[in-house]
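The numbering of the first sequence is this note's numbering, which starts it at 13 and goes up by one.
Quick reminder that beta carbons are idealized off the backbone N, C-alpha and C, glycines included.
Since the structure is predicted, the reported quantities are computational estimates derived from the model, not experimental observations.
In what follows, a structure is listed as structure tokens, so that the remarks can point back to it.
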Amino acid sequence: MDKNNFRPAQAARVLAALQARYPQPHTHLHADTAWQLLVATVLAAQCTDARVNLVTPHLFRRWPGPADLAEASQEDLEEVIRSTGFFRSKAKNLLGAARRVRDVYGGTVPASLAELVTLPGVARKTANVVLFGAYGINEGLAVDTHVKRISFRLGLTDALDPVAVERDLMEVFPKDEWGDVNHRMVWFGREVCMARKPRCAACELADICPRREPPI
DNA sequence: ATCCCGAGGG
DNA sequence: CCCTCTGGAT
13 MDKNNFRPAQ AARVLAALQA RYPQPHTHLH ADTAWQLLVA TVLAAQCTDA
63 RVNLVTPHLF RRWPGPADLA EASQEDLEEV IRSTGFFRSK AKNLLGAARR
113 VRDVYGGTVP ASLAELVTLP GVARKTANVV LFGAYGINEG LAVDTHVKRI
163 SFRLGLTDAL DPVAVERDLM EVFPKDEWGD VNHRMVWFGR EVCMARKPRC
213 AACELADICP RREPPI
């Protein structure tokens, strides 16, 4: 295999395998609106989606939309989201985001990457997740801990910086697949290609994985 | 580079 | 005990 053609060819194989394994990719975060998806995604930083889904029902019942949360006290919000970790900074950022969505965007979560990243606590990963999940827009490819680890292991990137990883992935995956690639890699990362002890023996991609254990 | 921070698994 | 979980701001 030519070195210059390795990544695109590898990406095509990875995509086919993940499509076969996960025919219907979707987020595992529970949210009914764009705003709620934004809140859930912010809470999901360094936290399992299962844990996030444990607190969001209470959060969304008490403060359904941005105008509601904008009036909440930080102490009350901290108490509700405490178990998701980083609860002080998450509460502060969510209150700031709620006020900005209410005051600057008329209560509607903006539908562009440039506008989303102006919200406190929202950078490219969260913005990409919200853009695709709420609006079906593939402006970028959300790179989280799973996407980063799996892309590196499978040889789709040599980069460690998430922005560079995103650029490499955008080059080798079709644009209309970016959102689904994220969902599929997250799913795959939970079930098979885990950080600590990957299940290489049960992995259908092991034969094309440069980092399978044990190595050939 | 460092800090933020709780909860579950091995 | 240590590592990891759909990161972001300083």
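CB contact flag (residue i, residue j, <8 Å)
i: residue 200; j: residue 30; result: yes
i: residue 105; j: residue 64; result: no
i: residue 150; j: residue 188; result: yes
i: residue 128; j: residue 143; result: yes
i: residue 156; j: residue 169; result: no
i: residue 134; j: residue 109; result: yes
i: residue 126; j: residue 46; result: no
i: residue 90; j: residue 99; result: yes
Residue i versus residue j: straight-line alpha-carbon distance, rounded
i: residue 211; j: residue 85; result: 45 Å
i: residue 67; j: residue 120; result: 23 Å
i: residue 164; j: residue 172; result: 8 Å
i: residue 77; j: residue 176; result: 34 Å
i: residue 207; j: residue 174; result: 16 Å
i: residue 166; j: residue 227; result: 13 Å
Selection from the options that minimises the alpha carbon distance to residue i
i: residue 136; options: 120, 178, 102 and 166; result: 178
i: residue 24; options: 207, 198, 185 and 197; result: 185
i: residue 60; options: 70, 72, 39 and 76; result: 39
i: residue 83; options: 56, 114, 18 and 98; result: 114
i: residue 58; options: 152, 220, 102 and 183; result: 102
i: residue 27; options: 145, 202, 209 and 159; result: 159
i: residue 193; options: 222, 219, 118 and 33; result: 33
Terminal residues of the alpha helix (DSSP H) in which residue i lies
i: residue 147; result: 136 to 147
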